[in-house]
Amino acid sequence: MPLERVVEFRIAAPVDVLPDSIFYIGKTGVAMFEERPQRLARPRDPEIQRDVKKLDEILSLLSQYYKPNIVALPREPISRLLDKALNDLMPIFDEVKNYAQELQDLRRKLQLSTALDQLRGRRFPKTEAIDSFIVIPGKYAQELINLSKDLGAAFISVGDAAVISVDRDKSRLLLSTLSKLGLEVLRPEDLEILEDPASLKDRMDKLYNELRDKINNYKNSIDFVYTLRYTLSIVIDTFNKSALSEGEETGHLFTSLSAEIERLKSELHDLSAIREALVGLKASGANSVKLPDGLALYVEMEEPGGATKVMLGNKEAYLARDGLRGIKIPRQYLDDVASSLKVVEETLNSVERSLRNREGELKSLEEVYREYSTYGDEDWRAHRDIGTVIFYARERDVGVVDEALAELVRSLSVKLDIIRNIRYKYFQDVPAKRRPTLERFPTPVRQIVDKIAYMYGVPSASEISPSALVAALFPIFFGWMFGDLGHGLLLFLFGLWLYKSLFGGRYKDWGVIWMVTGAFSMFFGGVVYGEFFGFPLSYFGLGWDGAIHMFQPVVGPQMGTAVETEGIFADLLAALLFGYIIMAGSFSLKIANFLLEGEGDMALGIGIPILLIYISAGMIVLGLLKPILPTPPLMADVLDLPWIYILVAAIALLVAGAAALTAKYRGYEEKPPIGLEMAVGLVEGIFGGLANVPSFARLMILILMHGIFTKLSMGWALAVAESGNMAGAIAIAVIFNVLIAVGEGFMSLVQSLRLTFYETLSKFYEGRGRLFMPLVLP
Numbered sequence: 001m002p003l004e005r006v007v008e009f010r011i012a013a014p015v016d017v018l019p020d021s022i023f024y025i026g027k028t029g030v031a032m033f034e035e036r037p038q039r040l041a042r043p044r045d046p047e048i049q050r051d052v053k054k055l056d057e058i059l060s061l062l063s064q065y066y067k068p069n070i071v072a073l074p075r076e077p078i079s080r081l082l083d084k085a086l087n088d089l090m091p092i093f094d095e096v097k098n099y100a101q102e103l104q105d106l107r108r109k110l111q112l113s114t115a116l117d118q119l120r121g122r123r124f125p126k127t128e129a130i131d132s133f134i135v136i137p138g139k140y141a142q143e144l145i146n147l148s149k150d151l152g153a154a155f156i157s158v159g160d161a162a163v164i165s166v167d168r169d170k171s172r173l174l175l176s177t178l179s180k181l182g183l184e185v186l187r188p189e190d191l192e193i194l195e196d197p198a199s200l201k202d203r204m205d206k207l208y209n210e211l212r213d214k215i216n217n218y219k220n221s222i223d224f225v226y227t228l229r230y231t232l233s234i235v236i237d238t239f240n241k242s243a244l245s246e247g248e249e250t251g252h253l254f255t256s257l258s259a260e261i262e263r264l265k266s267e268l269h270d271l272s273a274i275r276e277a278l279v280g281l282k283a284s285g286a287n288s289v290k291l292p293d294g295l296a297l298y299v300e301m302e303e304p305g306g307a308t309k310v311m312l313g314n315k316e317a318y319l320a321r322d323g324l325r326g327i328k329i330p331r332q333y334l335d336d337v338a339s340s341l342k343v344v345e346e347t348l349n350s351v352e353r354s355l356r357n358r359e360g361e362l363k364s365l366e367e368v369y370r371e372y373s374t375y376g377d378e379d380w381r382a383h384r385d386i387g388t389v390i391f392y393a394r395e396r397d398v399g400v401v402d403e404a405l406a407e408l409v410r411s412l413s414v415k416l417d418i419i420r421n422i423r424y425k426y427f428q429d430v431p432a433k434r435r436p437t438l439e440r441f442p443t444p445v446r447q448i449v450d451k452i453a454y455m456y457g458v459p460s461a462s463e464i465s466p467s468a469l470v471a472a473l474f475p476i477f478f479g480w481m482f483g484d485l486g487h488g489l490l491l492f493l494f495g496l497w498l499y500k501s502l503f504g505g506r507y508k509d510w511g512v513i514w515m516v517t518g519a520f521s522m523f524f525g526g527v528v529y530g531e532f533f534g535f536p537l538s539y540f541g542l543g544w545d546g547a548i549h550m551f552q553p554v555v556g557p558q559m560g561t562a563v564e565t566e567g568i569f570a571d572l573l574a575a576l577l578f579g580y581i582i583m584a585g586s587f588s589l590k591i592a593n594f595l596l597e598g599e600g601d602m603a604l605g606i607g608i609p610i611l612l613i614y615i616s617a618g619m620i621v622l623g624l625l626k627p628i629l630p631t632p633p634l635m636a637d638v639l640d641l642p643w644i645y646i647l648v649a650a651i652a653l654l655v656a657g658a659a660a661l662t663a664k665y666r667g668y669e670e671k672p673p674i675g676l677e678m679a680v681g682l683v684e685g686i687f688g689g690l691a692n693v694p695s696f697a698r699l700m701i702l703i704l705m706h707g708i709f710t711k712l713s714m715g716w717a718l719a720v721a722e723s724g725n726m727a728g729a730i731a732i733a734v735i736f737n738v739l740i741a742v743g744e745g746f747m748s749l750v751q752s753l754r755l756t757f758y759e760t761l762s763k764f765y766e767g768r769g770r771l772f773m774p775l776v777l778p
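Numbering-wise (this note's numbering), the sequence shown opens with residue 1 and increments by one.
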């Protein structure tokens with residue numbers, strides 16, 4: 001497949017330098033960073049995360065008054081960019097804070113003035129016994145009504161405001177309650193000094209314009225800071241996903257797992273010794289042992305001096321006072337030796353399983369560590385506070401990466417201790433399981449691959465890429481089912497419009513795809529079927545009605561029913577044979593995938609028998625259809641072969657191959673999924689021949705429906721035209737051709753995807769790879 005070669009880079013550097021490394025590499029736009037395996041530890045947070053919070057504070061305020069834009073950043077150390085950003089914006093930040101506070105105060109005053117505007121000029125009672133207060137209740141309206149009732153006060157609602165009149169001796173209690181609710185309280189005389197809403201709005205507009213002008217003077221700096229914050233979010237996210245600790249964080253994983261293994265080994269040793277002692281007791285006929293108080297039975301002792309040695313079968317034991325160091329048999333084990341022996345054996349088996357699991361985890365961790373680490377030496381102290389990032393680049397972009405890394409080192413040259421700790425490795429051969437996929441195709445193949453083939457899945461390095469196959473099959477399937485020269489032309493023009501200007505050119509790739517499918521539809525419509533909007537091409541004097549005649553070349557109201565049975569069956573035979581050959585190729589590619597993965601035995605024992613099963617089952621189906629299909633003599637002779645016996649023999653070969661492979665891999669921890677491959681292959685081989693091959697009949701069915709609908713519509717339009725209603729005839733022709741083009745186009749799209757994905761790719765392709773997607777920073 002047309003793959004571009006991808007190479008691997010590894011950089012180990014102090015944790016606080018890794019973000020700079022990611023930034024410099026990301027600025028090249030040519031590198032894809034590898035994600036850290038979940039088993040391995042990430043380094044500590046880099047220091048720039050603290051500085052980012054200051055940028056967030058600045059932008060959260062400034063973005064309320066200005067919408068920043070993404071601009072290009074210079075390739076400089078992040079600390080230098082942060083210093084520049086903060087130095088440029090701190091003066092305006094303080095000014096904007098003051099403006100924002102003043103605007104907030106004016107906004108509050110405007111809200112209050114607007115709410116109290118209806119009370120201006122209102123007369124309030126003035127007595128020595130009553131006080132009147134004005135509040136804006138908001139969500140506390142009901143609470144104030146209840147409070148007024150409790151205090152015997154008058155509550156009058158005026159718009160959004162409320163006037164509360166209360167006895168003077170209860171005023172203090174009312175004010176205290178209103179203060180607890182957080183409500184601002186005014187007296188009637190305050191209305192006289194309250195600024196009117198129009199004046200406040202003018203002040204706000206003037207202040208806002210001043211603020212906007214002030215910010216516009218700093219918009220380049222704001223754009224810079226916004227872009228820097230956006231970039232740092234990507235850098236930090238890449239760091240969190242990709243950076244691998246070479247120091248104590250990863251070392252802790254190893255030490256904790258090793259300590260757990262040592263603990264299990266010690267427990268296993270103790271249990272084994274106790275088990276031997278219990279076996280000896282049981283062999284001697286002792287069902288239980290009673291020990292005097294203060295004494296214990298030890299299987300092993302650190303200092304056996306002074307202890308009484310006893311023999312438990314062939315096992316030495318020691319009788320000594322309780323509390324000494326050694327392996328002591330618990331007293332409860334001696335009460336019932338037989339039952340205790342079962343418990344110990346079960347516990348022993350459980351500990352052995354746990355130990356094997358932990359040792360397997362440690363082995364797996366070591367393999368992953370050595371695969372991803374720059375050093376791989378498990379020297380955690382020497383690599384303290386060091387992290388590694390892995391990234392991939394196209395081989396032709398290696399020079400660009402080298403230049404960026406050299407510039408990074410020069411930029412940090414003042415920090416010699418950092419430079420000494422940077423390690424840089426280059427691997428030309430990337431392991432297949434980690435190698436990202438980067439395929440190179442010309443237009444229009446690239447668009448079909450990106451939008452159609454990758455919809456199913458991205459090919460991995462260890463399987464055959466179906467990209468070129470999909471790029472060929474999808475437009476063929478579509479054109480076969482949508483074969484009309486006129487409708488194909490409409491689809492081509494729609495694709496051209498989508499490519500040029502529709503939706504602002506955002507869907508250019510789909511525009512290319514529809515131009516290609518439109519071209520194939522025109523080919524099938526003009527060359528194979530010879531139709532233009534349902535009319536035979538001979539009607540236009542071209543002297544050609546197509547290679548396959550599914551309809552009689554007549555024009556008139558009856559044209560939609562003038563079908564040609566021979567042409568229909570000829571198209572059906574072509575569809576079935578085409579599908580049969582395509583699927584045979586798919587099963588052959590499955591064999592090629594086995595070989596590509598180094599599993600030649602699976603190709604021989606599983607792949608080839610499955611291909612034979614499919615060929616036999618497909619021939620049986622075609623043989624059953626031979627009486628109704630225009631089968632050529634040579635093909636008829638092939639169909640008369642004893643395919644049922646070949647099918648049985650192929651199934652026997654598959655079973656024998658699976659049995660041989662099972663015997664070959666018996667005892668291996670890692671082995672191919674033989675049983676699953678056999679079962680799935682048997683079903684796919686038989687089902688592929690019996691059901692998937694007939695499924696390709698949809699190629700004929702959809703073009704037949706397309707032709708009938710189009711000809712019926714045009715026949716109706718001709719009948720209306722003959723009655724003298726040309727406007728009605730044109731309307732019928734236009735409306736129904738548009739409906740047919742849209743409806744049949746959608747059906748052709750769905751069925752083309754089905755034939756491509758389900759009938760073809762599913763037989764050999766997994767699509768578990770990942771695309772090469774480089775990190776691109778502004």
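No residue lacks a Cβ here, since even glycine has one placed at the ideal position from N, Cα and C.
Tell me the rounded alpha-carbon separation between Pro43 and Ser258. 21 Å
Near Leu40, what residues of its chain come up, given a Cβ to Cβ distance below 7 Å and the 5 sequence neighbours on each side ignored? Leu244, Thr250, Val368, Tyr369 and Tyr372
I need the straight-line Cα distance from Ser288 to Leu253, nearest angstrom please. 44 Å
Determine the DSSP secondary structure at Ile274, reduced to helix, strand or coil. Here Ile274 sits in helix by DSSP.
I want to see whether chain C comes within less than 8 Å of Asp94, judged by CB atoms only; does it? Among the chains in the structure shown there is no chain C, since it carries only a single protein chain.
Would you kindly check if the distance between the Cβ of Glu684 and the Cβ of Ile610 is under 8 Å? yes
What is the DSSP secondary structure of Phe764, counted as helix, strand or coil? Under the three-state reduction of DSSP output, Phe764 falls in the coil class, being neither helix nor strand.
Contacts around Pro46, its chain only, beta-carbon distance under 8 Å, and the 5 residues preceding and following it disregarded: Val15, Asp16, Leu18, Pro19, Ile236 and Phe239
DSSP three-state assignment for Val15, whether helix, strand or coil: DSSP places Val15 outside both helix and strand once states are collapsed to three, so it counts as coil.
Check this for me: beta carbons of Met481 and Gly495, under 8 Å apart or not? no
Going along the chain, which residues of its own chain have a beta-carbon closer than 8 Å to the beta-carbon of Ala404, five neighbours each way excluded? Counting only Cβ-Cβ distances below 8 Å, and skipping sequence neighbours, we find Tyr24, Ile25, Lys27, Thr28 and Arg75.
Assign Phe503 to one of two classes, buried (16 or more other C-beta atoms within 10 Å of its C-beta) or exposed (fewer than that). exposed
Measure how close the beta-carbons of Ile134 and Leu174 come, nearest whole angstrom, since I'm counting them as under 8 Å. Going by Cβ atoms, the distance from Ile134 to Leu174 rounds to 12 Å, so no, they are not a contact pair.
Select from Phe764, Ser233 and Met773 the residue whose C-alpha is nearest the C-alpha of Ala592. Phe764
How is Leu542 classed by DSSP in three states: helix, strand or coil? If DSSP states are grouped into helix, strand and coil, Leu542 belongs with coil.
When we look at the beta-carbon of Ser364 and count the other beta-carbons within 10 Å, is it buried (16 or more) or exposed? exposed
Please state the DSSP three-state secondary structure of Gly159. coil
Within the same chain, show all residues whose beta-carbon is closer than 6 Å to that of Lys662, passing over the 5 residues directly before and after it, in chain order. At residue 662 the sequence reads Thr, which differs from the Lys that was named. Contacts found: Ile674.
For Leu676, is the classification buried or exposed, using 16 other Cβ atoms within 10 angstroms of its Cβ as the cut-off for buried? exposed
Just the Cα atoms here: how many angstroms apart are Gly543 and Phe474? 30 Å
Starting from the Cα of Pro672, find the closest Cα among Glu195, Met32, Gly605 and Leu264 and give me that residue. Gly605
Taking Cβ positions, are Leu493 and Met522 nearer each other than 8 Å? no
Chain-order list of residues whose beta-carbon lies under 8 Å from that of Ile613 (same chain, five-residue window excluded): Leu647, Ala650, Ile651, Leu654, Gly681, Leu682, Gly685, Ile686 and Gly689
Quick check on this structure: which residue in Glu345, Ser256, Tyr392 and Val621 has the alpha carbon closest to the alpha carbon of Glu361? Ser256
Contacts around Leu438, its chain only, beta-carbon distance under 8 Å, and the 5 residues preceding and following it disregarded: Leu3, Glu4, Val6, Arg394, Leu771 and Phe772
Beta-bridge partners of Gly326, as assigned by DSSP: Met301
Backbone CA spacing between Gly556 and Tyr539 [nearest angstrom]: 11 Å
When the Cα atoms are used, what is the spatial distance from Glu597 to Ala659? 21 Å
Continuous alpha helix (DSSP H) stretch holding Ala656: start and end: Trp643 to Lys664
Which residues mark the beginning and the end of the beta strand (DSSP E) in which Met311 is found? Thr308 to Leu312
Contacts around Ala562, its chain only, beta-carbon distance under 7 Å, and the 5 residues preceding and following it disregarded: Phe551, Gln552 and Val554
Determine whether the beta carbon atoms of Val527 and Gly546 lie at a separation below 8 Å. A contact, by the Cβ cut-off of 8 Å.
Starting from the Cα of Gly623, find the closest Cα among Ile608, Ala603 and Ile644 and give me that residue. Ile644
Would Ala115 pass as a contact of Asp160 if the rule is Cβ separation under 8 Å? yes
Separation of Arg356 from Gly318, as counted between CA atoms: The identity of residue 318 in the sequence shown is Tyr, whereas the question assumes Gly. Taking the straight line from one Cα to the other gives about 31 Å.
Is it true that the CB of Asp385 sits closer than 8 Å to the CB of Gly247? yes
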